[in-house]
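Novice:
2 protein chains.
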Amino acid sequence: MDFEPMGVAADLVILTVRDGELQVLLIRRGIEPHKGRWALPGGFVRPAEDLEAAARRELAEETGLVSDRIHLEQVATYGEPGRDPRGRVVSVAYLALVPDLPTPVAGTDAASARWVAASGVLADPDRIAFDHHRILVDGVERARAKLEYSPLATAFCADEFTISELRGIYEAVWGTPLDPRNFHRKVTRTDGFVVPVGATTTRDGGRPAQLFQRGPATFLYPPLNRG
Amino acid sequence: MDFEPMGVAADLVILTVRDGELQVLLIRRGIEPHKGRWALPGGFVRPAEDLEAAARRELAEETGLVSDRIHLEQVATYGEPGRDPRGRVVSVAYLALVPDLPTPVAGTDAASARWVAASGVLADPDRIAFDHHRILVDGVERARAKLEYSPLATAFCADEFTISELRGIYEAVWGTPLDPRNFHRKVTRTDGFVVPVGATTTRDGGRPAQLFQRGPATFLYPPLNRG
DNA sequence: CTCTTTTGTCGTCACTTTGACGATAAGGGT
DNA sequence: ACCCTTATCGTCAAAGTGACGACAAAAGAG
Chain L
1 MDFEPMGVAA DLVILTVRDG ELQVLLIRRG IEPHKGRWAL PGGFVRPAED LEAAARRELA
61 EETGLVSDRI HLEQVATYGE PGRDPRGRVV SVAYLALVPD LPTPVAGTDA ASARWVAASG
121 VLADPDRIAF DHHRILVDGV ERARAKLEYS PLATAFCADE FTISELRGIY EAVWGTPLDP
181 RNFHRKVTRT DGFVVPVGAT TTRDGGRPAQ LFQRGPATFL YPPLNRG
Chain A
1001 MDFEPMGVAA DLVILTVRDG ELQVLLIRRG IEPHKGRWAL PGGFVRPAED LEAAARRELA
1061 EETGLVSDRI HLEQVATYGE PGRDPRGRVV SVAYLALVPD LPTPVAGTDA ASARWVAASG
1121 VLADPDRIAF DHHRILVDGV ERARAKLEYS PLATAFCADE FTISELRGIY EAVWGTPLDP
1181 RNFHRKVTRT DGFVVPVGAT TTRDGGRPAQ LFQRGPATFL YPPLNRG
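Quick mapping for you: the protein sequence lines, in order, are chains L and A.
Numbered by the working numbering, the letters in the first sequence go through residues 1 to 227 in order.
Numbered by the working numbering, the letters in the second sequence go through residues 1001 to 1227 in order.
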């Protein structure tokens, strides 16, 4: 029995936290189908290219991010017949978490690429093309879940960060305010989550805060609790 | 830009608990490549067929299970170039959890299909063909994780079960003994996990045990703790 | 029919974690 | 100096966990 060939694409849910809110990178499609509409970045996997390599390539093309240090993980694969008018296309979705870049988005491929508040896109299923709304929902939910039991929130931060900044990540992703004192206790007492760097900063105003960097932990036990 | 066509397959990690151990369904391949070797069940997705539909079809073909009530979830997608000698094949892996069937496996497709202890297959990366060892590892880990925070263990049970039987599922999947008294407390006090059916059974020997069925809960909070 | 074995179920207790919140520390701005 | 802001520590009651004692209710042995 032989197989029916299909197109295989890698689509990306690229998230960051800017201005205290969760944002997603969208591109305006320059070609058909759905030309002119907003969509998640993505593209076809090349013949000799690994799936994750394709995702990293797209990520680099859309954001200019040197992708090695960027957290990238597979979310799910979407292959409903008819989801792409070009034919049978199966799309492997990846989730990327990036820090708030000083560098603006400089896409080579995309006619235009923009950071957009995730909440707005989540609220309107027709704001983005194809079945990308579902992909975004799944990607954001994955991110929210992973913050609970993994130290992944640090992927949104610069190399050095304060506990408040980290808390800001959680609050933005979960959309919930957290108690600063309990959060501080929890984070600093969870082994290997963050390690103090020795310096302090006043960039957030108020009393100087200690700077930390991500620790060696790969998961958090016990997990943090969503508001 | 056009796409390079690829084969898309659905592979299945079908797990059950029999004789107090976690077992996985393997088939002996009747055709090349890897003819005669053991592998996970699976096959190519048909042109107009949804991915999950393909997985359910394969599940039905291999196990005879009417698939509607069977828990099936996507695990991940594997698409490394060279993973299949027939060409570029991308495989979407699904995890199925089935109860200990009185019905023996009756595959129409498979030359032979057998339940095999998961521990043995996990221990030897070359026991199964292709990259199926990795798929199995990921599938089993997914199952282990989901037992913690979802009521999914009931998917391994018959419609009605005792707390001990449910505990046996956890012990088999996690490979860890659990305290019967604490387990009983935890399960019965977690809202919506199990609901008493009113009857009792003595099929496990000893004092008659209450029978339960799965409750309406979709997740467990707080979660159960592994070992 | 009584005793023993086996499993089920309830309780107790010390310990940890959580969530709510008071209090103090240490900068900057005026 | 005083106030505002953020950081960080401490306290306390409530809830959850792990260890384990005790009793209940059946089957099987004698």
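Virtual Cβ for every residue (Gly too), placed ideally from N, Cα, C.
What does DSSP give as the partner residues of residue 114(L) in its beta bridges?
Specialist: In the DSSP output, where bridge partners are listed per residue, residue 114(L) has 26(L).
Novice: In chain L, which residues lie less than 7 Å from residue 1013(A) when you measure between Cβ atoms?
Specialist: None at all; the shortest Cβ gap to chain L is about 15 Å.
Novice: Count the other C-beta atoms from every protein chain shown that fall within 10 angstroms of the C-beta of residue 1084(A), then say buried if there are 16 or more, exposed otherwise.
Specialist: buried
Novice: Which residue wins for smallest C-alpha separation from residue 27(L), given the options 114(L), 21(L) and 175(L)?
Specialist: 114(L)
Novice: So residue 15(L) and residue 118(L) are in contact, right, with Cβ under 8 Å, and what is the actual spacing, rounded?
Specialist: 7 Å
Novice: Alpha carbon to alpha carbon, how far is residue 154(L) from residue 214(L)?
Specialist: The C-alpha of residue 214(L) is placed about 6 Å away from the C-alpha of residue 154(L).
Novice: Which residues, in chain order, does the region 1058-1081 of chain A contribute to contact with chain L at a C-beta distance below 7 Å?
Specialist: Going along the region 1058-1081 of chain A in chain order, one finds 1074, 1076, 1077, 1079, 1080 and 1081 with a Cβ nearer than 7 Å to chain L.
Novice: Compare the beta carbon distance of residue 220(L) and residue 190(L) with 8 Å and say whether it is the shorter of the two.
Specialist: yes
Novice: Just checking: is the beta-carbon of residue 50(L) within a distance shorter than 8 Å of some beta-carbon in chain A?
Specialist: Yes, residue 50(L) counts as interfacial toward chain A.
Novice: For residue 71(L), which residues does DSSP report across the bridge?
Specialist: 97(L)
Novice: At the 8 Å Cβ level, is residue 141(L) part of the contact set with chain A, yes or no?
Specialist: So, not an interface residue.
Novice: Counting along the chain, where does the beta strand (DSSP E) carrying residue 1212(A) start and finish?
Specialist: 1209-1214
Novice: From residue 149(L) to residue 186(L), what does the alpha carbon distance come to, in whole angstroms?
Specialist: Straight-line Cα distance between these residues: approximately 12 Å.
Novice: With a threshold of 8 Å on Cβ separation, who are the neighbours of residue 1008(A) within its own chain once the five nearest residues in sequence on each side are excluded?
Specialist: By the criterion of a C-beta distance shorter than 8 Å, residue 1008(A) is surrounded in its chain by 1044, 1045, 1051, 1089, 1090, 1091 and 1092, once the five residues flanking it on both sides are discounted.
Novice: For a contact defined as C-beta to C-beta under 9 Å, what are the partners of residue 28(L) on chain A?
Specialist: Those do not exist, as residue 28(L) stays about 17 Å from chain A at its closest Cβ, beyond 9 Å.
Novice: With burial defined as no fewer than 16 other Cβ atoms inside 10 Å of the residue's Cβ, what is the status of residue 67(L): buried or exposed?
Specialist: Counting Cβ neighbours within 10 Å, residue 67(L) comes out buried, since at least 16 surround it.
Novice: Can you check whether the CB of residue 1077(A) is closer than 8 Å to the CB of residue 77(L)?
Specialist: In this structure, residue 1077(A) lies closer than 8 Å to residue 77(L) by Cβ.
Novice: Quick one: Cα of residue 79(L) to Cα of residue 133(L), how far?
Specialist: 14 Å
Novice: I need the straight-line Cα distance from residue 64(L) to residue 53(L), nearest angstrom please.
Specialist: 15 Å
Novice: For residue 1199(A), is the classification buried or exposed, using 16 other Cβ atoms within 10 angstroms of its Cβ as the cut-off for buried?
Specialist: exposed
Novice: Taking residue 255(L) as the reference, which of 164(L), 30(L), 95(L) and 128(L) has the closest Cα?
Specialist: With chain L represented from 1 up to 227, any question about residue 255(L) goes unanswered, as that position is not in the structure.
Novice: Bridge partners for residue 78(L) per DSSP, in chain order?
Specialist: 91(L)
Novice: Please name the residues in the region 17-47 of chain L whose beta-carbon is closer than 9 Å to at least one beta-carbon of chain A, in chain order.
Specialist: 31, 43, 44, 45, 46 and 47
Novice: What separation, rounded to the nearest whole angstrom, lies between the Cα atoms of residue 95(L) and residue 1206(A)?
Specialist: 51 Å
Novice: According to the Cβ coordinates, are residue 1129(A) and residue 1038(A) closer than 8 Å?
Specialist: yes
Novice: Which chain L residues sit within Cβ distance under 8 Å of residue 1005(A)?
Specialist: Within 8 Å of the CB of residue 1005(A), the CB atoms of chain L belong to 5, 6 and 7, in sequence order along the chain.
Novice: Considering Cα atoms alone, identify which of 1069(A), 1125(A) and 1005(A) is closest to residue 47(L).
Specialist: 1005(A)
Novice: For a contact meaning CB atoms closer than 9 Å, what does residue 1090(A) contact in chain L?
Specialist: Within 9 Å Cβ-Cβ: 6, 8, 45, 51, 77, 90 and 92.
Novice: Use the C-beta contact count for residue 1172(A): other C-beta atoms within 10 angstroms, 16 or more gives buried, fewer gives exposed.
Specialist: buried
Novice: In the DSSP assignment, the beta strand (DSSP E) including residue 1192(A) goes from what residue to what residue?
Specialist: Note, residue 1192(A): premise wrong, no beta strand (DSSP E); not H, not E.
Novice: Take residue 18(L) as the anchor and find which of 166(L), 224(L), 196(L) and 218(L) has the nearest alpha-carbon.
Specialist: 166(L)
Novice: Between which two residues does the alpha helix (DSSP H) carrying residue 1063(A) extend?
Specialist: 1051-1063
Novice: Would you call residue 1011(A) buried or exposed, if buried means 16 or more other Cβ atoms sit within 10 Å of its Cβ?
Specialist: buried
Novice: Between 156(L), 162(L) and 143(L), which lies nearest to residue 208(L) when the distance is taken from Cα to Cα?
Specialist: 162(L)
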